[in-house]
Amino acid sequence: MEQFIVEQEQQIPVHAQADVLVVGGGPAGLCAAVSAARNGAQVILMERYGYLGGMATGGYVLLLDCLCDGKGNLIIKGLVEEIVQRLRKVDGIIEPPKEVWGSDHIEQILKWRRYGSTGGEDKIVRYSPVIDPEMMKCVANEMVLETNVKPLFHAWFSKAYVEDGVVKGAIFESKSGRRAVLAKAVIDCTGDGDVFYTAGENYHTGNLPLGLIFRVGNVDCETAERFLSDEDRSRKVTEDLQAIKGCSGGYSFGELPMGFYMRSSINNVVWFNTTTQGSAVNIEDLARTEIEIRQAMMRTMEYFRKNVPGFEHAVVIDTAPQCGVRSSRMLDGEYLITREELMAGAHFDDTVVVAQPPYKKFEVSDGLKEIPYRCFLPKTVKGLLVAGRCISGDFGAIEMLRVIPTAMLMGEACGVAAALAVKQGVDVKEVNVQEVQEQLRRQNVLLP
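In the numbering used here, the protein residues as written are 2 to 449.
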């Protein structure tokens, strides 16, 4: 029988007020906050860690997947393109040159696959820059400060504050105690839908594997890649790691073999991804993931040092401070987009995001994927937008749309909509989507 305690009623101090509150400072939240602020809103960005970027920084997912359409055309623009440009200035990025985007030449595929720039299936080279997580944190800070967004770090979101069916802010826990932020519009960029969940909205779940990335230094990458380019050797590494329960290679659209690592923006540093089954909203699963994957990391490193030339002097630099989460709660919103619609290239009058993320059986001839504004709107409560991998879509759709650049586009669109709603004194559900689209185009976002 489940036990309960009764929490004492208390008055919660209002820490701050703003036009727009963004909860979660990951890829979607960063872009939502900057976009809203540039459109005239007073913005607070609430983040549980001491840095911004989420999976792109603290999760060590160092890849901006597939910014081109597969034909050599840049399609992910807006704030994503600006972030890339800023990273170039601080030597925080490695990227395939434009002349190889869309190339199916085997030498280019073999060169760039270790950087993750082949969309997972090694058919062609996709433009997928690899970023330095520390430089990304600094770039994110600069963008937030330049736009006068108020960052609220080390603030652990606890509960949506809902009054008469309207989300009017959020309660958070911190070293300063339990406090609240009030806002005219709130954007849920938590990834797990924590805001809409605590606001009582309906949702569904679909659990892709949890992961934990670790970085390894002192690697002679050229020597290692010459060794692993032999298919028989590569297959043996996979079989051996399977036998010793080493790192899995990570969930990907091409299902990477065990032991597959990716190169980073630093020449002698690589990163390994590995996965395990579990739920991102179950604390027991999260604890088990942290422990089991570190154990697999130790077995993997011992094996690589002994058996893979180039790794003789390799050392573990660090493991990611955040578990890798691919899906958990997904909103049952005003419109639930399906994978079938995405694959068919469905068009919508209220499209605010266009992308071509990686997925299994990708073909260059495939149409671009559109996301309508309604996918970001809860059915019941007002005052709330949702951006990132917890938007309203079926499991297959979210598996496709969850990648970092697409989440950034979602955040940018929701930031524009929230600022416009505040400016016009209307709810986010009443915003004129055509005005949102027009502003996004002015921000150099590709739309139909």
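Don't be surprised by glycine CBs; every beta carbon is placed ideally from N, CA and C.
Candidates the options, of which the one nearest residue i by Cα
| i | options | result |
| --- | --- | --- |
| D92 | V432, A347, A34 and D133 | D133 |
| S280 | I318, E413, F305 and L209 | L209 |
| P310 | S235, F377, A37 and G59 | S235 |
| G412 | A17, V7, E10 and A38 | A38 |
| V365 | V317, M56, G79 and D105 | D105 |
| C190 | A422, E232 and C415 | C415 |
| M455 | S266, Q12 and V446 | In this structure the chain extends from 2 to 449, so residue 455 is not present and cannot be described. |
| F377 | E335, T339 and K169 | E335 |
| Y450 | A225, G117, V282 and S253 | Residue 450 falls outside the range modelled here, since the chain spans only 2 to 449, and no answer is possible. |
| V271 | G250, A288 and L287 | G250 |
| K362 | G201, Y204 and M344 | M344 |
| I76 | P379, L369, H155 and G207 | L369 |
| V387 | L447, V423, G346 and K430 | K430 |
| G260 | M298, E223 and R179 | M298 |
| S118 | L287, C324, S253 and L31 | S253 |
| H155 | Y52, E100 and T148 | Y52 |
| E147 | L31, L211 and Q243 | L31 |
| Q12 | G178, Q296, N268 and Q435 | G178 |
| G346 | A398, T381, N308 and P379 | A398 |
| L111 | P379, L229 and Q438 | L229 |
| Y360 | D428, R340 and Q425 | R340 |
| L22 | L448, F173 and Q435 | F173 |
| G389 | Q435, D241 and L410 | L410 |
| Y50 | F273, S175 and T276 | S175 |
| N269 | E226, P130 and P449 | E226 |
| T276 | D231, Q435, N149 and Q243 | Q243 |
Beta-carbon spacing of residue i, residue j below 8 Å
| i | j | result |
| --- | --- | --- |
| V81 | L64 | no |
| D193 | S329 | yes |
| L332 | I392 | yes |
| L213 | I107 | no |
| V145 | V35 | yes |
| W102 | Y128 | yes |
| M401 | P358 | yes |
| E371 | H348 | yes |
| A33 | I405 | no |
| V196 | V326 | no |
| V62 | G384 | no |
| G218 | K138 | no |
| R289 | G247 | no |
| R87 | V140 | yes |
| F79 | N445 | Checking the sequence shown, residue 79 turns out to be Gly, not Phe. Closer than 8 Å, so yes. |
| I245 | Y204 | no |
| A408 | A29 | yes |
| R403 | R264 | no |
| Q323 | G60 | yes |
| N40 | L337 | no |
| E83 | P152 | no |
| F396 | G207 | yes |
| A321 | M302 | no |
| R216 | I318 | yes |
| D286 | L211 | yes |
| E100 | P379 | no |
Sheet register partners of residue i (DSSP bridge)
| i | result |
| --- | --- |
| D189 | V24 and V387 |
| T320 | F215 |
| V15 | A181 |
| F370 | Going by the sequence as given, residue 370 is Lys instead of Phe. According to DSSP, K370 bridges with A356. |
| K450 | An answer regarding residue 450 cannot be provided, because it is not within the stretch 2 to 449 covered by the chain. |
| R330 | T206 |
| G325 | G212 |
| G394 | I338 |
| K380 | K380 pairs with nothing; no bridge assigned. |
| V451 | Residue 451 cannot be examined here, being either before or after the span of the chain that is shown, 2 to 449. |
| V167 | E164 and K383 |
| K151 | I45 |
Interface flag, residue i vs chain C, CB-CB below 8 Å
| i | result |
| --- | --- |
| D241 | As a matter of chain content, chain C is missing from the structure shown, which is built from one protein chain. |
Decide yes or no for the touch test of the segment 157-167 against the segment 76-96: beta carbon pairs closer than 8 Å, at least 3 of them.
Because the criterion of three Cβ pairs below 8 Å is not met, the segment 157-167 and the segment 76-96 do not touch.
If you pair each beta-carbon of the segment 72-79 with each one of the segment 42-61, do three or more pairs fall below 8 Å?
no
4 or more residues per run - each alpha helix (DSSP H) lying fully within the segment 180-226
Taking only runs of at least 4 residues, the alpha helix (DSSP H) segments lying wholly in the segment 180-226 are 195-199.
Go through the segment 232-288 residue by residue and report every complete run of the beta strand (DSSP E) that reaches 3 residues or more, in order.
262-264 and 271-273
Would the segment 168-184 and the segment 4-19 be scored as touching if the rule is three or more Cβ pairs under 8 Å?
yes
Closer than 8 Å is the cut-off here; do at least three beta carbon pairs connect the segment 236-244 with the segment 353-369?
no
Length-filtered (3 minimum) beta strand (DSSP E) runs lying within the segment 34-102
44-47
In chain order, what are the residue ranges of uninterrupted alpha helix (DSSP H) at least 4 long that sit wholly in the segment 408-446?
Counting only runs of at least 4 residues, the segment 408-446 fully encloses the following alpha helix (DSSP H) elements, listed from N- to C-terminal order: 434-443.
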